[in-house]
Amino acid sequence: MATINGLLVSLIVNFLVVASAGSFYNDFYFNWGHDHGKVYDNGNSLSLILDKNSGSGFQSKKEYLFGKIDIQLKLVHGNSAGTVTTFYLSSLGPYHDEIDFEFLGNTSGQPYTLHTNVFSQGKGNREQQFYLWFDPTADFHTYSILWNPQRIIFSVDGIAIREFKNLESIGVPFPKNQPMRIYSSLWEADDWATCGGRVKTDWTKAPFVASFRNFNVNACAWSYGASSCKSKSGFADSISNSWIWEELDAGRKGQMKWVRDNYMTYDYCKDSKRFPHGLPRECYVTNFP
Numbered sequence: 001m002a003t004i005n006g007l008l009v010s011l012i013v014n015f016l017v018v019a020s021a022g023s024f025y026n027d028f029y030f031n032w033g034h035d036h037g038k039v040y041d042n043g044n045s046l047s048l049i050l051d052k053n054s055g056s057g058f059q060s061k062k063e064y065l066f067g068k069i070d071i072q073l074k075l076v077h078g079n080s081a082g083t084v085t086t087f088y089l090s091s092l093g094p095y096h097d098e099i100d101f102e103f104l105g106n107t108s109g110q111p112y113t114l115h116t117n118v119f120s121q122g123k124g125n126r127e128q129q130f131y132l133w134f135d136p137t138a139d140f141h142t143y144s145i146l147w148n149p150q151r152i153i154f155s156v157d158g159i160a161i162r163e164f165k166n167l168e169s170i171g172v173p174f175p176k177n178q179p180m181r182i183y184s185s186l187w188e189a190d191d192w193a194t195c196g197g198r199v200k201t202d203w204t205k206a207p208f209v210a211s212f213r214n215f216n217v218n219a220c221a222w223s224y225g226a227s228s229c230k231s232k233s234g235f236a237d238s239i240s241n242s243w244i245w246e247e248l249d250a251g252r253k254g255q256m257k258w259v260r261d262n263y264m265t266y267d268y269c270k271d272s273k274r275f276p277h278g279l280p281r282e283c284y285v286t287n288f289p
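Letter 218 of the sequence shown, counting from 1, is numbered 218 in this note's numbering, and no numbers are missing.
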């Protein structure tokens with residue numbers, strides 16, 4: 001286990017993790033496009049619909065400060081050019097934090113682009129993009145965000161595709177102080193989403209549908225300025241192998257390298273033209289993925 005400084009230890013030993021299999025009825029609400037969203041299967045499943053009139057989106061009722069969030073998602077089938085399906089965490093305000101999964105649609109037969117990003121204190125520009133090694137429209141797959149005080153890990157079906165480490169020690173901001181809600185949406189962005197906006201949405205293919213199920217949260221909820229987590233004697237030892245301490249072992253690092261070697265299509269840390277005055281500081285850290 002990596003060494004954790006005293007500040008993080010004092011923070012973590014006070015955590016009482018809230019774990020639950022979520023219900024879309026109980027844990028979320030539609031924050032826009034209410035008539036273009038549907039909850040069914042006793043609250044275990046949800047669909048978002050996009051047509052020329054509107055898309056739709058939902059958000060969690062609770063905020064969280066650190067956690068592991070899983071959701072199963074089946075993306076828009078067929079010609080999905082110009083559509084964007086999202087699953088992300090975000091706080092509010094001009095200096096917000098955000099952890100993004102965005103799925104950029106494409107024409108029939110072409111792969112989706114999985115777009116990831118991390119914002120801290122209002123600053124993003126940390127995009128990494130991937131193709132997937134399966135058809136994400138044919139069945140449900142699990143997309144996970146692990147967010148603990150030391151790292152953020154993006155995973156697909158349990159396979160890590162990206163890790164963003166806490167590098168505050170070298171001056172890189174890390175999201176750790178602002179609680180975030182869970183959001184998801186299906187919307188039209190044909191000015192940029194597919195081939196830089198060159199391929200537009202074909203509305204004759206509407207309605208477009210993205211389906212969600214089996215939401216699960218293992219996290220600390222935040223309410224009225226305080227965490228739901230409480231101190232508990234011996235708690236640090238009891239969670240030594242849980243998400244709050246989780247890091248990638250050699251096997252998972254090998255899986256992540258396989259994904260990045262074979263399916264990564266864009267990495268901001270390799271885009272020197274975008275950063276003519278030097279890449280972001282974290283890009284120079286050895287083994288920073």
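Every residue, glycine too, gets a C-beta built ideally from N, C-alpha and C.
Beta-bridge annotation (DSSP): tryptophan 147 is paired with Gly67, Ile152. The DSSP assignment places no complete run of the alpha helix (DSSP H) inside the stretch 45 to 99 (cut-off: 4 residues). For the pair glycine 105 and valine 118, the CB atoms are not nearer than the 8 Å cut-off. Counting C-beta pairs closer than 8 Å gives three or more between the stretch 204 to 212 and the stretch 41 to 49, which meets the contact rule. Bridge pairing for arginine 181: Ser90 [DSSP]. The three-state secondary structure of glycine 37, taken from DSSP, is strand. DSSP links arginine 162 through a beta bridge to Phe154. Across the set Asn79, Gly109, Trp133, Asn26, the C-alpha of Trp133 shows the shortest separation from the C-alpha of asparagine 262. Per DSSP, tyrosine 266 is one residue of the beta strand (DSSP E) stretching across 264 to 267. Distance from glutamate 246 to leucine 146 at the Cβ level is roughly 6 Å; contact confirmed, criterion being Cβ atoms closer than 8 Å. Taking the Cα positions, glycine 278 is about 13 Å away from asparagine 125.
Across the set Asp35, His36, Asp27, the C-alpha of Asp27 shows the shortest separation from the C-alpha of asparagine 42.
The shortest CA-to-CA distance from serine 228 to any of Phe66, Gly57, His141 is the one to Phe66.
Following the DSSP letters along the chain, one finds phenylalanine 24 inside the alpha helix (DSSP H) bounded by residues 24 to 27.
The stretch 272 to 286 and the stretch 137 to 144 do not touch, with fewer than three beta-carbon pairs separated by less than 8 Å. Methionine 264 and arginine 162 have their alpha carbons spaced roughly 10 Å apart. When the Cα atoms are used, phenylalanine 208 and lysine 200 turn out to be separated by approximately 14 Å. The Cβ atoms of serine 60 and glycine 33 lie no closer than 8 Å to each other.
Shown here, glutamate 282 sits in a helix according to DSSP, grouped into three states. A straight line joining the alpha-carbon of phenylalanine 174 with that of threonine 204 spans about 43 Å.
In summary, serine 80 is buried, with 16 or more beta-carbon neighbours lying within 10 Å of its beta-carbon over all protein chains present. Collapsing the DSSP output to three states places valine 259 in a helix.
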